[in-house]
Amino acid sequence: MGLSTSLGTAISGLNSAQIGIGVVSQNVANAGTPGYVRRNVSSVDSISGGTVGVSNPNVQRLLDRIVQHQLLQESSGAAYTSTRAQVFANLDQLYGAPGSKTALDSMYSTFTSSLQALQNDPSSYTNRTAVLDAASQLANRLRGLSEGVQQQRANAESGIGSAVSRVNELLDQLTNVNARIVNAQQTSATADLRDQRDRIVSELSQYVEIRTDEQPNGALSISTASGTQLFDGRPTVKFEFDARANIGPQSQWSSDPTKRTVGTIVARDLSGNSFDAIANNTFRSGEIGALVELRDKTLVQAQAQLDEIAAQLSSALSDREVAGTAVTAGGFNGFDVDLSGLAAGNSVTLDYKIPPSGQTQRFTFVRVDSAASLPLPASAQGDANNRVIGIDFSGGPASVATQIQAAVGAGFTVSNTGSTLRVVGSATRDVAGLTARPTQTSLTGGTAEMPFFVDAGRNNTAYTGSYEGGAQSVGFASRIAVNPDLVADRSRLVIYNTSPATPQGDTTRPKFLYDRLTSSQRSFTNATGFDGSAATSTGTVSSLVQRIVAGQGQASEQAKRLDEGQQVAFASVQSRFTEDTKVNVDQEMSTLIELQSAYAANARVISTVKELLDVLMRL
């Protein structure tokens, strides 16, 4: 090997060692920097013109791409579960622990207990006052819970807006960093840019579940888990969110813009084309996915459960049950029932059996006063054993009978005589009962039923479950109040007839009110969503309250456990990723010693070559 060859090899080795020492220094200096990925120098031995050396030493980041992709997925899942868990925890705190003094079930129990005490001594002014006080506290609690639920929805609406803005900002930041990476050489500066890009992508994954793909030239493309491309050298979509103010129970998301009363996320591509990202299910996970689900499903159902409590509480005390009169026509049994007392939202139930099994099923016909209120909303629908059908009463009794006949089919014969409806069975259908349920709107109507609770948002009218101008049940928990006429004259808790006057010590009404709440079986709508079911269910009002309060606590606990499990999975992948990418100072010091030795050896070779050349020059 000639002197020039030795000199070239030593200089090449010296440069490589110098670059390596610089990388080690950078690693040690950034040992505690978040998002910093450890580097090393990759070099290839080369022979050129007889000179052996090191060619193109490259600074590379040490990370596992597969683990990095897993980390992005788990990051999105962790953001999703933590967002849900936080809102469920807020709801749990809002409802209170079951049995605690301020919990809804405790206040309900206080109310029913006061009715029981009134039953024992109806003439007691103190007992009557206790009933109204407990009822007022219960109504206030329902209104407060409804307000709390809607506040959580408003927070979600605001959170969606902030998250969407941040996603747009992150995509814009990626444009600049990505371009610099593509245009730069493979140097330590590029590694710094890749760290910066990874930090942006990592934050982006917290808002939406993403998939990344790096091209051979270093460019990055990003798409959502649903397949929507977000970035390909530059943002391919721009998200827009039309936030709405004053979120309330009636505020609902819909794919129909004319019906939607909350904000939606619109994705607009580079050509100006747009689509609804929520309708397109773009956000399946991440913080945005969780906020959308909470605003449009979870919290809507929580409101529906409160509304169901308020509706059942009110209608249980005010709805009369007018049983049909048995009749026989054409050799088959049936019933007559008077529909004249029905108000909009009141119902008629037809119970029947199917021979020979004897299985009992039901039709529930709900009065509406305008065809514009049909069909009934999904929250009013029943199931296979209780089909709920809206009937337009605006056309008169004959039209009502015709609509019911069309609904029940050929197994029944439906007719009317004035306001009296007749339903008769057949060889394939046995009519078991026909019952009308009109609402008692007067405190002294001669019956034990009474409008104890009213709709304060509709001029203190009795709750009938009307669908005119929108379902009265929606948001009723935010409007329920004790009848002000009852507050003004608490004797009406006992006196239900004025001619002849009900005795002050009569137990009829107090007993009726207590029994209706604690033992009377009622049908609950599918809006309650018990156990994830869309079917209707039955039970007492007391059981409904207990079930909802307990269910809320269980849902909160499940959300907490799900989040804990997801956080463990996220931490596990994060630990694996960190283990691969973190800087080990001891290891770096060992590498530094090796590089220093190599540097010294190459320097010694250069020094030796210089000495030899000096000798040759003196010859």
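Just so you know, we're using my numbering here: the sequence shown kicks off at 225 and counts up by one. For glycine and all other residues, C-beta sits at the position ideal for the given N, C-alpha and C.
Reduced DSSP secondary structure (H/G/I, E/B, other) of residue i
i, result
"residue 607", "strand"
"residue 459", "strand"
"residue 692", "coil"
"residue 343", "helix"
"residue 396", "helix"
"residue 834", "helix"
"residue 799", "helix"
"residue 731", "coil"
"residue 439", "coil"
"residue 284", "strand"
"residue 577", "strand"
"residue 468", "coil"
"residue 380", "helix"
"residue 676", "coil"
"residue 483", "coil"
"residue 686", "strand"
"residue 698", "coil"
"residue 432", "coil"
"residue 748", "strand"
"residue 600", "coil"
"residue 507", "coil"
"residue 667", "coil"
"residue 277", "Bear in mind that the predicted position of residue 277 carries a pLDDT of just 46, short of 50, making it too unreliable to give a figure here."
"residue 271", "Below a pLDDT of 50, predicted positions are generally treated as unreliable, and residue 271, at 48, falls in that range; the measurement from the model is reported next regardless. Strand, per DSSP."
N- and C-terminal bounds of the alpha helix (DSSP H) containing residue i
i, result
"residue 538", "523-542"
"residue 710", "708-712"
"residue 261", "No alpha helix (DSSP H) contains residue 261, which DSSP labels as neither H nor E."
"residue 514", "510-517"
Within 8 Å, strictly: CB atoms of residue i and residue j
i, j, result
"residue 329", "residue 773", "yes"
"residue 676", "residue 653", "no"
"residue 659", "residue 517", "no"
"residue 247", "residue 264", "yes"
"residue 373", "residue 527", "yes"
"residue 359", "residue 718", "no"
"residue 738", "residue 672", "no"
"residue 764", "residue 742", "yes"
Exposure of residue i, with buried meaning 16 or more beta-carbon neighbours within 10 Å
i, result
"residue 762", "exposed"
"residue 331", "buried"
"residue 648", "buried"
"residue 751", "buried"
"residue 349", "exposed"
"residue 446", "buried"
"residue 837", "exposed"
"residue 497", "exposed"
"residue 841", "exposed"
"residue 434", "buried"
"residue 646", "buried"
"residue 473", "buried"
"residue 532", "buried"
"residue 728", "exposed"
"residue 244", "buried"
Extent of the continuous beta strand (DSSP E) run through residue i
i, result
"residue 557", "556-562"
"residue 658", "654-661"
"residue 590", "583-592"
"residue 308", "Premise fails: residue 308 lies in the alpha helix (DSSP H), 289-319, not in any beta strand (DSSP E)."
"residue 632", "Segment 621-632 is the alpha helix (DSSP H) holding residue 632; no beta strand (DSSP E) there."
"residue 640", "637-641"
"residue 498", "498-500"
"residue 478", "Looking at the DSSP string, residue 478 is not in any beta strand (DSSP E), and its letter there is neither H nor E."
Any non-hydrogen atom of the ligand MN closer than 7 Å to residue i Cβ
i, result
"residue 509", "In terms of ligand content, the structure shown is empty, and the ligand MN therefore cannot be addressed."
Item to check | Three-pair Cβ contact test at 8 Å for the stretch 544-553 versus the stretch 417-437 | outcome: Judged by Cβ distances under 8 Å, the stretch 544-553 makes no contact with the stretch 417-437, as fewer than three pairs qualify.
Checklist entry - Hey, is the stretch 535-548 in contact with the stretch 656-668, meaning 3+ C-beta pairs nearer than 8 Å? => result Yes: the two stretches touch, three or more of their Cβ pairs being nearer than 8 Å.
Checklist entry - Counting pairs of beta carbons, one from the stretch 379-394 and one from the stretch 512-519, are three or more of them closer than 8 Å? => result Yes, they touch.
Next on the checklist: For the pair the stretch 553-569 and the stretch 679-699, tell me if three or more CB-CB distances fall below 8 Å.
Outcome noted: Touching, yes, given that three or more Cβ pairs across the two stretches are closer than 8 Å.
Checklist entry - On the three-pair Cβ rule with 8 Å, is the stretch 790-798 touching the stretch 286-303? => result Segments in contact, yes.
Item to check | Segment contact flag, the stretch 361-368 with the stretch 693-711, C-beta cutoff 8 Å, min 3 pairs | outcome: They touch, by the three-pair rule.
Next on the checklist: I'd like to know if the stretch 463-471 and the stretch 480-491 are in contact, where contact means that at least 3 CB-CB pairs between them fall below 8 Å.
Outcome noted: With a cut-off of 8 Å, the stretch 480-491 and the stretch 463-471 count as touching, because enough Cβ pairs lie within range.
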